[in-house]
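See below for the structure under consideration.
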Amino acid sequence: MKNILLLGATGSIGDSSLSVISQNNDLFNLIGISFNKNISRCEEIISNFSPEYIHASDKETFLKLSNMSGNFLNEDSELEELILNERVDIIICATSGFSGLKAACIAARSGKKILLANKESIVAGGDLILPIAKKNNTQIIPIDSEHNAIFQCLSGERGTDDVQKIIITASGGPFINSSVIDLKNVTVAEALNHPNWNMGSKVTIDSATLVNKCLELIEARYLFDLDEKYFELVVHPQSIIHSVVTYIDGSSICQMSQPDMTVPIAHALSGENRISIDFNSLDFTSLNLSFQEFPQDRMEIQDIAREVCRNGGFLGTIFNAANEIAVESFLKNRINFDKIYEVIYRTFNNNIMSNDLTIESINEVDQQTRIRAEKVVESITN
Ligand code: NDP
Ligand code: MG
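Going by the working numbering, the sequence shown opens with residue 1246, and the numbers climb by one from there.
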């Protein structure tokens, strides 16, 4: 029996993880969870899974919970102790956004198995987290579907030595067939209406702008330790093929499934043997798969992501923070959809020295970038 600590348990990846855990309750025990404010979902999880430890980052939420019986935690130091608790075997990092960075850094030094969904932590702090994980023999298994697909396509090979190219597929989101200039007046509800995936709001907007694919390019560069030029971003609207690895002998291996996050999570949770879950089979006779190029009018954002991949350091922190402020501003109806790109372009700054990479310096650069991005938002709204 493996004890699982699920960070971001009340979210969409949290839900999918709980589904896989409950379908395999002879193999996995939910020992602890973390979340921010969603108290009603937290109560449901407590009644269904009885985790021993519950960490709520939000103080008010914590105070409300502490009237109930249970081991409720709120301090950062308590989350650190929980991540490093020797009874925890597997840590699922499924908090959204930059707020997951600190926990991901602690998990990286735990020497345990980490299942990583929180791509922003790798984008913002890849040059910090990956070396820590390597030094401590921490195994990072991606559950972002494309990266899990690449991981599966690479298994049984000589690392990445024989890889010629990796295609990361993108659904393209709801607006893939429109130009950015036609997207000025799309509503938040339209942007949140993803054709294939049901996800948290931040990643759904990232998917609609295609910034998600750019974050994933950076995530892949770090997780597979390959130069950005190995990766190609290709739009595949059906989200059935999650990525493709082409080897130097001309073979291309892909991983396919319905767009359902329980599939990569089940793979990542499995050990030597695969674990069983309920899933919708692919009906190959009715599949109609298509592919198209990454849209030209969104190439500038891909170029920035490639620059982040090449130079690393704080560049990912800046790219991520600019995007988080832009997305938040769109979700609050402060800026139009097309202005998300403008906020990133005007905030991104590649003139920053990236020595002294620590969690503190990354936090500092994140904060400064948020202030700059906020000023850009204000200049757009005024
Ligand atoms: P959600 O918004 O659905 O859930 C986010 C989770 O993080 C919630 O449990 C939330 O708590 C918690 N959280 C948010 N802010 C904080 C904070 N400051 N401190 C502590 N906890 C916090 O996101 P998703 O599940 O969609 O995504 C999670 C991560 O996985 C993201 O990085 C995303 O990019 C990635 N991902 C998601 C996919 C998906 O299908 N959803 C696919 C691939 C990757 P509360 O509910 O209380 O606010
Ligand atoms: Mg993905």
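Quick reminder that beta carbons are idealized off the backbone N, C-alpha and C, glycines included.
Residue side-chain check: GLU1461 places its Cβ nearer than 7 Å to a non-hydrogen atom of the ligand MG. When the beta-carbon positions are compared, ASN1312 and TYR1298 stay at least 8 Å from each other.
Annotation for MET1501 indicates a beta carbon at 7 Å or more from all heavy atoms of the ligand NDP. By the Cβ-count criterion, ALA1378 is buried, with 16 or more other Cβ atoms from all chains shown falling within 10 Å of its own Cβ. If you ignore the 5 residues before and after ALA1453, its C-beta comes within less than 7 Å of the C-beta of GLY1418, PRO1419, PHE1420, ALA1436, all in its own chain and listed in chain order. Setting aside the 5 residues that flank it on each side, LYS1584 is surrounded in the same chain by ILE1625, each with a C-beta closer than 6 Å to its C-beta; the list follows chain order. Beyond the five residues adjoining it in sequence on each side, LYS1458 comes within less than 7 Å, by CB distance, of ILE1413, ALA1415, LEU1478 in the same chain, given in chain order. Residue environment analysis places GLY1401 among the exposed positions, since fewer than 16 neighbouring C-beta atoms fall within 10 angstroms of its C-beta. In the structure shown, ALA1254 adopts coil according to DSSP, grouped into three states.
Cβ neighbours of ILE1549 within its own chain (closer than 8 Å, five residues either side excluded): CYS1459, PHE1564, ILE1589, TYR1590, PHE1593. Below 8 Å, enough C-beta pairs join the segment 1603-1616 and the segment 1563-1580 to call them touching: three or more.
At a threshold of 7 Å, LYS1364 counts as near the ligand NDP, since its beta carbon sits closer than that to one of the ligand's heavy atoms. Nearest Cα to LEU1532 within the set ILE1522, LEU1275, HIS1481, ILE1450: HIS1481. At least one heavy atom of the ligand NDP lies closer than 7 Å to the C-beta of THR1340. A Cβ-Cβ distance of about 5 Å is found for the pair LYS1429 and ASN1581, placing them in contact under the 8 Å criterion.
Relative to the non-hydrogen atoms of the ligand MG, the Cβ of ASP1389 comes within a distance shorter than 7 Å of at least one. Under DSSP, ALA1415 forms a beta bridge with VAL1480. Annotation: GLU1619 to LEU1346 spans about 21 Å, alpha carbon to alpha carbon. Nearest to ASP1389 by C-alpha distance, out of SER1261, ASP1528, ARG1543, ASN1596, is SER1261.
About 6 Å separates the Cβ atoms of ILE1276 and PRO1296, confirming a contact at the 8 Å cut-off.
Bridge partners of THR1592 according to DSSP: none are assigned.
The ligand NDP has a heavy atom closer than 7 Å to the beta-carbon of PHE1280. Assigned with DSSP and collapsed to three states, GLN1384 falls in strand.
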